[in-house]
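The listed protein sequences derive, respectively, from chains U and B.
Using our numbering, you'd call the opening residue of the first sequence number 1 and step up by one each time.
Using our numbering, you'd call the opening residue of the second sequence number 1001 and step up by one each time.
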Amino acid sequence: MINSAIIGLGKMGLSHCAIINAHKDANLVAVCDTSSFMLNALKKYSGMACYTDYKKMLDENKLDCLFVASPTKYHAEMVKYALERNISVFCEKPFALKIEDAEELVKIVDEKKLVNQVGYHNRFLGTFNYLKQLIDKNLLGEIYHFTGEAYGPVVLKEKGGTWRSNSSEGGGCLYDYASHVLNLISFLVGTPNQAIGSILKRIYSKQVDDAVYSNLIMDNGLSGQLIVNWSDETYRKMSTQITVLGKKGKVVCDATECKIYLKEDCKEENLTKGWNIKYVTDLTEPVDFYLRGEEYSSQIDYFIKHVIAKNTDNVNSFKTAYETDKVIDMIKANAGRLS
Amino acid sequence: MERILFGDNQFFAVNHLSDEKSRAQAIKFKDNSAIIKVLDDMYDSGIHTFMCTTHDRIASVCDNLRSNPEKYSDFKIIPCMPYAHKYANAVTELGIIGTLKQYIPGNIIGAFTKGGLALATNDYVSLMELLVDAEIKMFKCIQTPAIFLQNVMTDLLLGLGMNDILVAYAKYIKDKYKVDPGFITMNLPLLLDVLEKGGIENPLICCSINKIGFRMSGGIELYERTLKEKRCRVIAMQVFAAGAIPPKEALEYVCKLDGVQSILFGASSKSHIVQTKELIDKLSS
């Protein structure tokens, strides 16, 4: 049994809170937030120790791991404070607002050998993992292009008042939505080193981007497009899709299905020439406690197992999230200003 | 509770297997008249209970029922609340307090309203009651044999250990609305333990039950054992595991399962409704 705590009781923090609290191998001993509303609810009904000062929480409790789900601008200082006390950290995405901070944190975990993970939950979806296997086995042949897309209904009107409507706090579609897609792109086909023709578009928001469009180029000549829009009400919830084109086939993959087109049969993978469809039901491992998608439970279960085993060889490490932060910065620099 | 209940996922572009199919459904059911037509087919086929989320568009279904009381004399609705995406999307934009202010009726800022006081004093049970009232409003004068809490809410409270709120919800539905409180969950064994500890005997629970164990947290064996013990009344949902199991095979499993009281399914066409109903009737006899 390990002891854990959470900073931040927003949407992700609460969801993590429920999943950790229901986990058989973890004790959730303390939570920290600035809002008394959620804090009092947990104090009253769940019996966790509640704090408004995260330093005090980390100093007063003997913790094995910490979950950071505060607004992005606070990630770096909170993560650092925990690492200095030898506490393993699971941090929400995106990782850090300043590249220098991300770099420093990667260095600290390397030296201290602490488990470190970032909440890019798509990495725990059966469909995207299956696509990665197909790519690694070279089923698609030489890959020449990809598209990474995400759409959802977050900002649909001209108003807004949380930290997500302020880019200096890590708000906006690029940080919140596009980061997921960029992380997936790195996982599947590699990290782009050039962004060209990038557009950060305001649609309803006054201060942040509601859509991101960019052409991404890799060292090896592979190119792709990023198309992300969080002001699209034709989607009921966030929907992420990756299309990969290779000389021997093409794959269109989202959270629910992986559609594979092959030019020739592939007996080893039991795939035939033409279209093949694999569904998430075939590709998903069951979880012990389900809240809102297997991937959210799986990523936490995975982190807890790594903390118990003191195994720092984990996916979604700070290092991979730092790579994503760098691509975010690259797109920002290329776009120059909000269009 | 009837043996067969009709669900609403198909109307609101919920498809757990394909985003593309979701979009096709959104196009097909763009107009409320298309929803009402399928519900008429359901009613004519002999299924008289519609289990649905408290989605805004259900209001027009309710209006239609109230305008034709004779035609729909035996039409029942089982509301499931809340329609979670409405709140989840609002929380991303407005924060938790902002969302509560938006959805609790009346002037929440007013210190002397029930909502204002509840928010100011962190009276969570009162807030829960206000949100329930707001969600249930559209079902006025409609037969609602039970009112369910959606799985995201049930399982969030369950995970957080806020068992008292789950129990308070059940009590409120029973006392104020005089109907059966129900819970949708993806964690049947865990929830049942918690509800029993809270003094709720033989609760009404709707959960995934299917041959491949899809979304049956704790495992299919534990589910089957729990069902056999008959400690709760169970409505089986996701019996086709989002379409992963062929219909006949899926229904053969669930219809023969001891401890399943009702089966929930959704369909978009008359032939599909009739076929599924006939199959369930045949396999259940």
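Just so you know, even glycine gets a beta-carbon here, dropped at the ideal spot from N, CA and C.
Quantities reported herein were computed from a predicted structural model and do not represent experimental measurements.
Query raised in the report: Does V1239/B get closer than 8 Å to chain U when you measure Cβ to Cβ?
Result: no
Report task. Determine, using beta carbons only, whether V340/U and T256/U come nearer to each other than 8 Å. Result -> Examination of residue 340/U is not possible in this model, given that chain U is present from 1 through 339 alone.
Report task. From the DSSP output, in three-state form, read off P1145/B for me. Result -> coil
**Report entry** Given 8 Å, three or more beta-carbon pairs between the region 102-121 of chain U and the region 270-285 of chain U
**Finding:** Contact fails: fewer than three Cβ-Cβ distances are below 8 Å.
Query raised in the report: Using a beta-carbon distance cut-off of less than 7 Å, what residues from the region 299-319 of chain U approach chain B?
Result: Residues passing the 7 Å Cβ filter: none.
Query raised in the report: Using a beta-carbon distance below 8 Å, is F67/U in contact with chain B?
Result: The beta carbon of F67/U does not come within 8 Å of any beta carbon belonging to chain B, so the residue lies off that interface.
Query raised in the report: Could you give the distance in angstroms between the alpha-carbon of C258/U and the alpha-carbon of I1058/B?
Result: 33 Å
Requested in this report: Find the nearest neighbour of L1257/B within the set R1225/B, S1268/B, K1086/B, G1266/B, judged by alpha-carbon distance.
Outcome: R1225/B
Query raised in the report: If you draw a straight line from the alpha carbon of I1273/B to that of V154/U, how long is it in whole angstroms?
Result: 35 Å
Query raised in the report: Are the Cβ atoms of G1159/B and L291/U separated by less than 8 Å?
Result: yes
Requested in this report: Indicate the three-state DSSP secondary structure (helix, strand or coil) for V1014/B in the structure shown.
Outcome: coil
Query raised in the report: Hey, Y180/U and N122/U: beta-carbon distance below 8 Å or not?
Result: The sequence shown places His at residue 180/U, rather than the Tyr named in the question. Against a cut-off of 8 Å, the Cβ pair of N122/U and H180/U comes out as a contact.
Requested in this report: Between the Cα of T413/U and those of N316/U, I143/U, E158/U, spot the shortest distance and give me the residue it belongs to.
Outcome: Limits of chain U in this structure are 1 at one end and 339 at the other, which puts residue 413/U out of reach.
Query raised in the report: What did DSSP end up calling S88/U once you bin it into helix, strand or coil?
Result: It is a strand residue.
Query - Three-state secondary structure (DSSP) of F289/U - result: Coil.
Query raised in the report: Can you give the Cα-Cα distance for A1168/B and I1184/B, rounded to whole angstroms?
Result: 16 Å
Query - Interface partners of G1159/B on chain U, CB under 7 Å - result: For G1159/B, the chain U residues whose C-beta falls within less than 7 Å of its own C-beta are A18, I19, N21, A22, F289, L291, listed in chain order.
**Report entry** Coil, strand or helix - G1098/B by DSSP
**Finding:** helix
Query raised in the report: Between the region 66-96 of chain U and chain B, which residues of the former have a C-beta closer than 7 Å to a C-beta of the latter?
Result: Taking 7 Å as the Cβ-Cβ cut-off against chain B, none of the residues of the region 66-96 of chain U qualify.
Query raised in the report: Out of curiosity, what's the CA-to-CA distance linking S36/U and F1148/B?
Result: A direct Cα-to-Cα measurement between S36/U and F1148/B gives close to 29 Å.
Report task. Output, in sequence order along the chain, the residues in the region 219-242 of chain U whose CB is closer than 7 Å to any CB in chain B. Result -> R236, K237, S239
Requested in this report: Mind checking who Y261/U pairs with in its DSSP beta bridge?
Outcome: According to DSSP, Y261/U bridges with K250/U, W275/U.
Requested in this report: Locate the alpha helix (DSSP H) running through E1196/B, then write down its first and last residues.
Outcome: 1188-1197
**Report entry** Residue-level contact to chain U via CB, H1085/B, 8 Å cutoff
**Finding:** Judged by the 8 Å Cβ criterion, H1085/B is in contact with chain U.
Query raised in the report: Is any beta-carbon of chain B found at less than 8 Å from that of M38/U?
Result: With 8 Å as the cut-off, M38/U counts as an interface residue toward chain B.
Requested in this report: Throw me the rounded Cβ distance for the I1096/B and A1134/B pair, which I believe falls under 8 Å.
Outcome: At roughly 16 Å, the Cβ-Cβ gap does not stay under 8 Å, so I1096/B and A1134/B are not in contact.
**Report entry** Within the region 1203-1267 of chain B, ranges of the beta strand (DSSP E) (whole runs, at least 3 residues)
**Finding:** 1204-1208, 1233-1237, 1260-1265
Requested in this report: Give a yes or no on whether the minimum CB-CB distance between G1218/B and chain U is below 8 Å.
Outcome: yes
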